[in-house]
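Q: Before anything else, here's the structure in question.
Residue numbers (our numbering), protein chains in the order written: chain A, 5 to 255; chain B, -5 to 253.
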């Protein structure tokens, strides 16, 4: 069997004495779409940020292609990060740049493309997310859904091997949310990337996941296909997917 | 008593952490110098945004700094019975070695240092700095280097203007308010002017600019807690820069201007 593209091994992380992740292990095979679900504040975003070393673990490690990413030197880390694309929760577009400049920034700074090539790629990616008309707008002029789509165009600009989505549909109306889900599914088919999404939106999770991992109390509570989670008898999983206030999960 | 000690200890730890953090950022900044050629465009942009746009403010404060220093010097001369023909000497020295560099730097810290921290702090809390890193772009090279270098070059540049404008302000007050002739004032100014004073003033200004840029970026990078956090970091940036400017100013006085 192939080595998984990403291996998360026994990851632990605390902030100010509060343990957020207490030994999380997940294998992410090449080409798979993994969705990590869990309550707000359960460490989903913290987990995803460890994959590109935006956060360093207290203990445990993350392997990419079998290599421990905590050992990478600055230049190697930069090259690793360039193989990822990330859509942030709030899209995190750069306020001082236009939409097109946002999408093209990573390409421009990587210095692997001429200005004309960058322009072509930017217009292709904006077209893919349906934002061709907004290329010259500033992020402040965009609606929430448009910001996410611009963030998505930026994430895929450098044709990454892995796409990370941090709450891709949070804060969007159901129709726009579904449009983003559709885009994620389409992108996966077109670009055949490995993707890791974290969300508490179950509709989105069922739609885009090959496999769902549920985090609870800093550990993996469940891992399986969308069908398996729906038929799970684990009371924690059942409470979470039914959205009930009563059960073992205490808010 | 125990609580007081605990509180003091906490402040001590936080102070040491801030100083350590500033030195770590300084190390990363020096390491990023080898990629300076990639940030030249951003550097030129910051020269304009941070420096040239500060010019009107510096000109306005310098007029009044010069004016009040002439007025107050004349007031003291009268008090001790010193002849007013020495006004040009006294005001010229005070402006070139102290007033222009220090007051311009403090005003620059309020305008530019605060602006840098607010911008970078907002970028931090809205994950824009994470986004840069996720794209393999070093925030130190892309954001910190152009800003710190722009501050380093622009504060001395502004101080040159501040010197000139403050002397003009002092001259006008001397002619109109103190009633000494422009020849007398300018003779006194020229008589006391030393190029080394002027250069030392600019060296001080460059160091002040560097402090403002570095502290501004450090505070921005270490912002947490939303809008309130940005406000807190911005205040801290101006307070720390101003205190450091005054401490370093004393150190410079002892080293550069021997009694």
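Yeah, the Cβ is synthetic: ideal placement off N, Cα and C, and Gly gets one too.
Since this is a predicted model, take the numbers as computed values, not measurements.
Starting from residue 18/A and walking both ways along the beta strand (DSSP E), at which residues does that stretch end?
A: 10 to 19
Q: Within 10 Å of its beta-carbon, does residue 250/A have 16 or more other beta-carbons around it, so buried, or fewer, so exposed?
A: exposed
Q: My understanding is that residue 92/A touches residue 164/A, with C-beta atoms under 8 Å, so please give their C-beta distance in whole angstroms.
A: Going by Cβ atoms, the distance from residue 92/A to residue 164/A rounds to 14 Å, so no, they are not a contact pair.
Q: Closer than 7 Å by beta-carbon distance: list the chain A residues that pair up with residue 122/B, in chain order.
A: 96, 98
Q: Taking beta-carbon pairs under 7 Å, can you tell me which members of the region 159 to 185 of chain B lie near chain A?
A: none
Q: Residues of the region 112 to 140 of chain B in Cβ contact with chain A at a cutoff of 7 Å, in chain order, please.
A: 120, 121, 122, 124, 125, 127, 128, 129, 130, 131
Q: Alpha carbon to alpha carbon, how far is residue 176/B from residue 82/B? Give it in angstroms, no decimals.
A: 9 Å
Q: When you compare the CB of residue 110/A with every CB in chain B, is at least one pair closer than 7 Å?
A: yes
Q: Determine whether the beta carbon atoms of residue 13/A and residue 29/A lie at a separation below 7 Å.
A: Taking 7 Å as the Cβ cut-off, residue 13/A and residue 29/A qualify as a contacting pair.
Q: Just to confirm my understanding: we take residue 210/B, look at its own chain, exclude 5 residues before and 5 after, and list those with CB closer than 6 Å. What are they?
A: 107, 110, 111, 231
Q: Give a yes or no on whether the minimum CB-CB distance between residue 116/A and chain B is below 7 Å.
A: no
Q: Below 8 Å, can you find three or more Cβ-Cβ pairs linking the region 92 to 106 of chain B to the region 241 to 250 of chain A?
A: no
Q: Which same chain residues end up closer than 8 Å to residue 233/A when comparing Cβ atoms and leaving out the 5 residues on each side of it in sequence?
A: Setting aside the 5 residues that flank it on each side, residue 233/A is surrounded in the same chain by 216, 218, 226, 241, 245, each with a C-beta closer than 8 Å to its C-beta; the list follows chain order.
Q: So with Cβ pairs under 7 Å, would you call residue 12/A a contact of chain B?
A: It does not; no Cβ of chain B falls within 7 Å.
Q: Considering only the beta carbon of each residue, do residue 111/A and residue 161/A sit closer than 7 Å?
A: yes
Q: Given residue 126/A, which residues of its chain have a CB within under 6 Å of its CB, disregarding the five upstream and five downstream residues?
A: 104, 107, 108
Q: If you count every other CB in all the chains shown that lies within 10 Å of the CB of residue 137/B, and 16 or more means buried, which is it?
A: Residue 137/B comes out buried.
Q: Going by alpha carbons, who is nearest to residue 241/B out of 7/B, 201/B, 171/B?
A: 201/B
Q: For my contact list, residue 131/B and residue 113/A are in at a C-beta cut-off of 8 Å; report their separation, rounded to the angstrom.
A: Going by Cβ atoms, the distance from residue 131/B to residue 113/A rounds to 5 Å, so yes, they are a contact pair.
Q: Where do the ends of the beta strand (DSSP E) carrying residue 70/B lie?
A: Counting along the chain, residue 70/B falls outside any beta strand (DSSP E), though it belongs to the alpha helix (DSSP H) covering 49 to 74.
Q: Quick check on residue 68/A: buried or exposed, where buried means 16 or more other Cβ atoms within 10 Å of its Cβ?
A: buried
Q: Locate the alpha helix (DSSP H) running through residue 126/B, then write down its first and last residues.
A: 122 to 128
Q: In chain order, what residues of the same chain lie with their CB nearer than 8 Å to the CB of residue 58/B, ignoring the 5 residues before and after it?
A: 163
Q: Quick check: residue 212/A and residue 188/A, are their CB atoms within less than 7 Å of each other?
A: With a cutoff of 7 Å on beta-carbon distance, residue 212/A and residue 188/A are scored as near each other.
Q: Residue 243/B and residue 198/B look like a contact to me (Cβ under 8 Å); what is the Cβ gap, rounded to whole Å?
A: 7 Å
Q: Report, in whole angstroms, the separation of the C-beta atoms of residue 148/B and residue 203/B, which I expect to be a contact under 8 Å.
A: 6 Å
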